[in-house]
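Before any comments, here is the structure.
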Amino acid sequence: MFFDIAPARHWRRERMSDHAADRSRALHVGRTRMKFDRFRSLAAVLPVIIAAPLLLGAADPPAWTRPQAPFPIAGPITYVGSEGIAAYLIKTNVGAILVDGTLAENAGMIARNIAATGVRLRDVKLILVTHAHFDHAAGVAALKRATGARVVAGARDVRALETGIPPGETSYGVIRFPKVHVDRGVRDGDKVTLGNVTLTVRATPGHTPGCTTWTMRIPATPRALDVVFPCSVSVAGNRLIGNSAYPGIVADYRRSIAMLGTLHADIVLPSHPELADVIARGKRRKAGDAAAFVDPTLLPKIVAKARTAFDADLAKQAR
117 MFFDIAPARH
127 WRRERMSDHA
137 ADRSRALHVG
147 RTRMKFDRFR
157 SLAAVLPVII
167 AAPLLLGAAD
177 PPAWTRPQAP
187 FPIAGPITYV
197 GSEGIAAYLI
207 KTNVGAILVD
217 GTLAENAGMI
227 ARNIAATGVR
237 LRDVKLILVT
247 HAHFDHAAGV
257 AALKRATGAR
267 VVAGARDVRA
277 LETGIPPGET
287 SYGVIRFPKV
297 HVDRGVRDGD
307 KVTLGNVTLT
317 VRATPGHTPG
327 CTTWTMRIPA
337 TPRALDVVFP
347 CSVSVAGNRL
357 IGNSAYPGIV
367 ADYRRSIAML
377 GTLHADIVLP
387 SHPELADVIA
397 RGKRRKAGDA
407 AAFVDPTLLP
417 KIVAKARTAF
427 DADLAKQAR
């Protein structure tokens, strides 16, 4: 009753996940090979057949819209997203903060998950956005209407969020999403406080110009826990060479990857949960492992993989 949500296909004509760029290139290569050698074995074209339904707009990965029951993470943080795209609820003594809205068609599910934690929708006071891509920001407009929350996002992504047009140039075209008014644009080092919880902004541009990593600290015994909600540093189809809409993209990526490498994180909570095994850790947490999410080695591993992947993608595009 709170939502006026058009199906995602009304908002976007093409569909591409943060992890689909490699599949897109594989599809192009596969088609070229079939054109010039129609008698290659089925094994050579099978990867193309498998990838084609996703890339041609048939569907996003099923897990992206598959319902996921909310589960506690640590301290005031609860997972309220779908099985395949993360949204996090942070409770404070004067209301709650939501990190990301995921897909437009997930907004109702996220609202139900929030209610299931005992938080009334009107008590969600802030919605923080990691970056202006449809799979993380498309649900924000409906959730803002439902809660009355203020939306906070990286200053360099404000225009994209308010027009519903993602920034920069990509190999897969433009995937629009419902536009949303941003109440506050933030920059590196800014603080966002609600009651007894403060998050710090770490600008990590590259994936989008306003890509924002959020950090916070949970008071705990025997020591406080540092939590990082990292914005993506994957290339994921971004044009690195000749990107006239985002000419500084390569330098931004390099600085952001380097900066993430300087952060300490006891707990890493990414927008795509599989990057930190968030769902699996949630099951362990539910089974009684109170420290299931604590892994100080995880962020350095993620950063190292991102650096290697970025260098490889840049080299391919340069060729």
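Numbering (the numbering used here), first residue to last: 117 to 435.
All residues carry an ideal CB built from backbone N, CA and C; glycine is no exception.
Predicted, not measured: the structure shown is a model, and the values here were computed from it.
> Among all the DSSP beta bridges, which residues are the ones paired with Met332?
Replying inline: Locating residue 332 in the sequence shown gives position 216, counting from the first residue. According to DSSP, which records beta bridges pairwise, Met332 is partnered with Val343.
> Would you report the Cα separation of Ala361 and Pro325, rounded to the nearest angstrom?
Replying inline: Counting from one through the sequence shown, the residue named residue 361 turns up at place 245. Counting from one through the sequence shown, the residue named residue 325 turns up at place 209. Cα to Cα, Ala361 sits roughly 10 Å from Pro325.
> So, using beta-carbon positions, are Val296 and Val351 closer together than 8 Å?
Replying inline: Start at 1 with the first residue of the sequence shown, and residue 296 comes out as number 180. Start at 1 with the first residue of the sequence shown, and residue 351 comes out as number 235. No, Cβ-Cβ distance for Val296 and Val351 is not below 8 Å.
> Is there contact here, the stretch 369 to 380 with the stretch 340 to 350, by at least three beta-carbon pairs under 8 Å?
Replying inline: yes
> Expressed to the nearest angstrom, what Euclidean distance is found between the alpha-carbon atoms of Val268 and Ile226?
Replying inline: On the sequence shown, residue 268 is found 152 positions in, with the first residue counted as 1. On the sequence shown, residue 226 is found 110 positions in, with the first residue counted as 1. Roughly 18 Å separates the two Cα atoms.
>> So within the stretch 192 to 274, which uninterrupted alpha helix (DSSP H) runs reach at least 4 residues, ignoring any that extend past its ends?
In response: 223 to 232, 250 to 253, 256 to 263
> Does the beta-carbon of Thr424 have 16 or more other beta-carbons within 10 angstroms, so that it is buried, or is it exposed?
Replying inline: Walking along the sequence shown from the start, residue 424 turns up at place 308. It is exposed - the Cβ of Thr424 has fewer than 16 other Cβ atoms within 10 Å.
> Taking the Cβ atom as the reference point for each residue, do Pro294 and Ala220 lie within a distance shorter than 8 Å?
Replying inline: Here residue 294 is taken as the residue at index 178 of the sequence shown, counted from 1. Here residue 220 is taken as the residue at index 104 of the sequence shown, counted from 1. In this structure, Ala220 lies closer than 8 Å to Pro294 by Cβ.
>> Nearest by alpha-carbon distance to Pro178: which of Ala231, Asp251, Ala190, Gly217 is it?
In response: The residue given as residue 178 occupies position 62 in the sequence shown. Out of Ala231, Asp251, Ala190, Gly217, Asp251 has the C-alpha closest to the C-alpha of Pro178.
>> If I follow the unbroken beta strand (DSSP E) through Ile291, where does it start and stop?
In response: Position 175 of the sequence shown, counted from the first residue, corresponds to residue 291. If you look at Ile291, you'll find it isn't in any beta strand (DSSP E); DSSP assigns it neither H nor E.
> Does DSSP put Ala422 in a helix, a strand or coil?
Replying inline: Numbered from its first residue, the sequence shown carries residue 422 at position 306. Ala422 sits in a helix when the DSSP states are folded into three classes.
> Would you call Thr413 buried or exposed, if buried means 16 or more other Cβ atoms sit within 10 Å of its Cβ?
Replying inline: Here residue 413 corresponds to residue number 297 of the sequence shown, with the count starting at 1. Burial call: exposed.
> So, using beta-carbon positions, are Glu278 and Val308 closer together than 8 Å?
Replying inline: On the sequence shown, residue 278 is found 162 positions in, with the first residue counted as 1. On the sequence shown, residue 308 is found 192 positions in, with the first residue counted as 1. Contact flag unset, no.
>> Considering just the uninterrupted stretch of the beta strand (DSSP E) at Arg300, what are its terminal residues?
In response: Numbered from its first residue, the sequence shown carries residue 300 at position 184. That run of the beta strand (DSSP E) goes 300 to 302.
> Taking Ala258 as the reference, which of Ala223, Ile365, Pro186, Pro283 has the closest Cα?
Replying inline: In the sequence shown, the residue the question calls residue 258 occupies position 142. It is Ala223.
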